[in-house]
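Just below is one structure, and these are the notes that go with it.
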Amino acid sequence: MSAPTVPTYQPSPVSEPLPPAPAPASTAVVVMAVSLALVVVLVVSLACGSVAYLTYQHPALEAPLTIALTALMAVAAVVAAVAATVALLRRP
Numbered sequence: 193m194s195a196p197t198v199p200t201y202q203p204s205p206v207s208e209p210l211p212p213a214p215a216p217a218s219t220a221v222v223v224m225a226v227s228l229a230l231v232v233v234l235v236v237s238l239a240c241g242s243v244a245y246l247t248y249q250h251p252a253l254e255a256p257l258t259i260a261l262t263a264l265m266a267v268a269a270v271v272a273a274v275a276a277t278v279a280l281l282r283r284p
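Take the sequence shown: its letters are residues 193 to 284, numbered as in this note's numbering.
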């Protein structure tokens, strides 16, 4: 009776080297992104405040403004998703 054979490990040959790691974001890009985020937060806050004031003064506009703002936010979300996809696909 012979001893069982143990399979040996055969590493696969490497055909191509790994791509280089992406470069870290520069300070200017980070400052621009943070500034843009702060501006967006300010604009959204002012828009919500003005809509709240308008619906307080004119209660009949509450439903139409709610529908319009919901549609606007949906369009903004779609535009942001498309922009993010394009930015990811165009990366070198």
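C-beta: ideal position from N, C-alpha, C; glycine also.
Predicted model only: the values in this text are computed from it and were never measured.
Following the DSSP letters along the chain, one finds residue 254 inside the alpha helix (DSSP H) bounded by residues 254-281. Taking 8 Å as the cut-off, the Cβ atoms of residue 264 and residue 253 do not count as close. Contact annotation: residue 234 and residue 243 have beta-carbon atoms that are not nearer than 8 Å.
Judged by DSSP secondary structure, residue 198 falls outside any alpha helix (DSSP H); it is assigned neither H nor E.
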